[in-house]
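Worksheet: the structure to be examined is printed underneath.
Protein chains in written order, with our numbering: chain V, 58 to 532; chain D, 120 to 603.
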């Protein structure tokens, strides 16, 4: 029997507003527990929520970037359930009328493009955190995160395998970071997702019974959890039994999913319209303001890099795909008018270092300013490309400033041609047999002389001058 | 000089003319509280802070409109640093870190909050018998209930302890106790007074309002209680008029609606007689009566008992023993923490409404109950809109009868729910409504209800004040009539 996999993702994106969705409490990460909690976040008796319009503006940016329906009037509902880190005993969310309706996004897997439709994206408040391992026999509750605005983006069940799911998640992450509505920091939980997986017989129209895997926060775990779940469900179906509809948790240590609660145990959330909040109405003027200030998206950047900066398609694609790299490119271009040189460094050496360390550019120690200065120093011939590479490597390892490294290590390039000629003559005179062989037609030996000069100058000689001078002297 | 049974205006005059100092007034108020402890009208007193504020007012003469006026606050409003129980064991240890907007408004106007009044638990009840802190006795007779849920506020005013009290009204909780205690009480248009700091029962129905000896005092209080509050998005961004303006203006030509569907023949003959006399009084004042129809009005009580419990079941979820209020002893796990805390913390009526509310919101029943109820609510609102095209105010008895005895409604909650038959429609439609004393039945006071159109509190207050200018029902006290 062959099975087709059907996957849908619910991605929770923490919106980068300064204050919470319904209170003035701060949203910054990493503070002492329960210090970013005001009366409303605590759900004290008598408090009332007031919707943060900034969160709506950010949600609408996402809607515009995914060609989605924008609901200028949207409403809030209450989702009722008990949990210690849910202060009010209900979460305020948008069930009936979300701010963002149907939209779509393009993904690419192994060179093939595919469109994934988005069902809806709605605003809701995040819960706090329960801390189970800090107090013996007790659970701690940290409400700093409670009330942080989330945009929950729900895909149609149109994703066919783990690779596509990861590509979809990456595409959403790319859009929200470019739109500046989320920092995309997965380690801090700024993006998390629930994955719905089901299998059906190949060619069947009817969807199979699904399991929902909750709260995954890395690309790697999404892929592993889905693949584990596909295998698990296939084994069940192959043995003639049926999959149980349930919520499961992914255990990254054991690389398995396990049951959290079945459909029968599932909460009845008793949704109803939140009587404390009037419908939120966004005016046409506000919408136009958002449209006119929409940040440039990757495909637009890519096009601009090809047309205005003369990059190859492949270079433009790599640089435009990461917001940090695009920023680095643009900042360096503003200082040094050599887009090809800049692109070469980003696509070449820097991408290689990223691959080697398996990190994203924003996780590295290289800042855009450092990169721009590095390029400037190559371009004004203060250092050679080769020296630049060693400077980059040093910054990559330990950070620091480009100019200070050049200064302290005396890496300034030797431009003085008479000095280079003097050294070249010394090398030629010291190696008569090589000179003879070269003159007999062993052209490859030219590299030997270049190398010797560079060695003598500790790599600081301007390579172009070295080439010219050696050619002249050896002819 | 006695301050008992004095109105706000009278006390203000006494303070201004230095017949009494602020401190003496507050000290005397606490003497009256002590003399009336048997009423059990207060849950928590605020004596030290009140005397301190009075001393300050004596030192710095204030021009605030309600300067020095003692007021009793329903224990449903959060008061900073002063215990707020909402009539429940659940909040027996709750000291809010902030004050409700309406409390701030009244205190900024010079009011002295002398204490927090007893009430039905979480405002759920019509007799004050659901309070964790015991029944409140109606000053008009031993074992008589004061009505509810603002029973303590009504009793404190009726006993002449304070000239003013705050109340809240979700289905009649200001008007019904006002009627049973023989005082005046107003529920304003939904959104007139901020709900910030009011412990929610049913958010779409809850509205704070004044309770006092006269309609005029209600107007004085309302002037200070209303504000457009950015902390409450349902608070109305409407001009707040001077509610005391034109109160004396005659009401000749006022069109008063009588609801065809309110079948008064079901009521006690004495109650009907009182109502008929009030009609005659209004005719004397130049008003005319027009019969109106509110075709869906009979659905009010069932609609209310779907919407209000639904909202309460969600609003009361925050009382879980985790963050504030009561927590049970030694729970063995999380589930037991919830179950024991809520079982011990809530009384029977609150539990009943949480159960009803959870049921009507549950999957599969939502459309049949909650959604349907909201649709009916819209129909009732439409009925009122049509009616107010023909009339200025709508008149009815406030209650089906005078104060009843404790325990007399037995264990049948439906009998108790029907107490609110005349008052519930104004909450469902968000309309202003008031109750004023209009007669006596078996030696007990009874009230007349006037319902007004959206934002037309002025019209209501004028109609009520004109009635009080020409009658003495509001001057009756359990100790005899006030002479003026």
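No residue lacks a Cβ here, since even glycine has one placed at the ideal position from N, Cα and C. Remember, it's a predicted structure, so these values are computed and weren't measured experimentally.
Where does residue 126/V fall in DSSP's three states? coil
Using a Cβ-Cβ distance under 8 Å, would residue 114/V count as near chain D? Chain D places no beta carbon closer than 8 Å to that of residue 114/V, leaving this residue out of the contacts.
Any C-beta of chain D under 8 Å from that of residue 137/V: yes
Contact between the stretch 182–197 of chain D and the stretch 304–313 of chain D: three or more CB pairs below 8 Å? no
Residue 225/V CB to nearest chain D CB: under 8 Å? no
Using C-beta distances below 7 Å, list every residue in its chain close to residue 289/D, excluding the 5 sequence neighbours before and after it, in chain order. Taken in chain order, the residues that qualify are 242, 320, 321, 324, 325, 427 and 546.
Start and end of the beta strand (DSSP E) containing residue 538/D? Where residue 538/D is concerned, there is no enclosing beta strand (DSSP E), given that its DSSP letter is neither H nor E.
For residue 350/D, would you say it is in contact with chain V, using Cβ-to-Cβ distances shorter than 8 Å as the test? yes
If you measure beta-carbon to beta-carbon, which residues of the stretch 440–451 of chain D are closer than 9 Å to chain V? 441, 442, 443 and 444
Count the CB pairs spanning the stretch 161–178 of chain V and the stretch 377–387 of chain V that are closer than 8 Å, and state whether there are at least three. no
Which residues in the same chain have their Cβ closer than 7 Å to the Cβ of residue 509/V, if we skip the five residues on either side of it in sequence? 484
Under 8 Å between C-beta atoms, does residue 688/D make it to chain V? Only positions 120 to 603 of chain D appear in the structure, and residue 688/D is not among them; the question remains open.
If you measure between the beta carbons of residue 236/V and residue 352/V, is that distance less than 8 Å? Against a cut-off of 8 Å, the Cβ pair of residue 352/V and residue 236/V comes out as a contact.
Does the stretch 286–299 of chain V come close enough to the stretch 260–271 of chain V that 3 or more CB-CB pairs lie under 8 Å? Yes, the stretch 260–271 of chain V is in contact with the stretch 286–299 of chain V.
Is the CB-CB distance between residue 194/D and residue 235/D below 8 Å? yes
Under 9 Å Cβ-Cβ, which residues of chain D neighbour residue 180/V? Per Cβ cutoff of 9 Å: no residues; residue 180/V is ~15 Å from chain D at best.
Could you check if residue 333/V is buried or exposed, using at least 16 other CB atoms within 10 Å of its CB as the buried criterion? Label assigned to residue 333/V: buried.
Alpha carbon to alpha carbon, how far is residue 410/D from residue 67/V? Give it in angstroms, no decimals. 57 Å
Determine the closest residue to residue 73/V out of 108/V, 478/V and 247/V, with distance taken between C-alpha atoms. 247/V
Of the choices 206/D, 257/D and 294/D, whose alpha-carbon is the least far from that of residue 444/D? Distance check between residue 444/D and each of 206/D, 257/D and 294/D places 206/D closest, using alpha-carbon atoms only.
What's the call for residue 417/V, buried or exposed, on a 16-neighbour Cβ count within 10 Å? exposed
When you compare only the Cα positions, how much space is there between residue 152/D and residue 275/D? 8 Å
Length at least 3, wholly inside the stretch 291–355 of chain D: the beta strand (DSSP E) runs in chain order: Runs of the beta strand (DSSP E) inside the stretch 291–355 of chain D: 303–306 and 326–331.
Contact the stretch 484–492 of chain D vs the stretch 443–457 of chain D: 3+ CB pairs below 8 Å: By the criterion of at least three beta-carbon pairs nearer than 8 Å, the stretch 484–492 of chain D is not in contact with the stretch 443–457 of chain D.
Using a cut-off of 8 Å between C-beta atoms, extract the partners of residue 100/V located in chain D. 437 and 442
Same chain only: Cβ atoms within 7 Å of residue 391/D, ignoring 5 sequence neighbours per side: 383
N-terminal and C-terminal residue of the alpha helix (DSSP H) that residue 147/V is part of: Premise fails: residue 147/V lies in the beta strand (DSSP E), 147–150, not in any alpha helix (DSSP H).
Our contact map puts residue 511/D next to residue 578/D with C-beta atoms below 8 Å; I'd like the distance itself, whole angstroms only. 6 Å
Could you check the C-alpha separation between residue 128/V and residue 149/V for me, to the nearest Å? 18 Å
Is residue 327/V close to chain D, meaning its C-beta is less than 8 Å from at least one C-beta of that chain? yes
Within 10 angstroms of the Cβ of residue 521/V, are there 16 or more other Cβ atoms? Answer buried if so, exposed if not. Classification for residue 521/V: exposed.
For my contact list, residue 197/V and residue 188/V are in at a C-beta cut-off of 8 Å; report their separation, rounded to the angstrom. 4 Å
Distance, Cα to Cα, residue 473/D vs residue 538/D? 20 Å
From what residue to what residue does the alpha helix (DSSP H) around residue 403/D run? 388–403
Leaving aside the five residues before and after residue 343/D along the sequence, list all residues of the same chain whose C-beta is less than 7 Å from its C-beta, in chain order. 184, 185, 224, 225 and 228
N-terminal and C-terminal residue of the beta strand (DSSP E) that residue 514/D is part of: Counting along the chain, the beta strand (DSSP E) containing residue 514/D begins and ends at 512–516.
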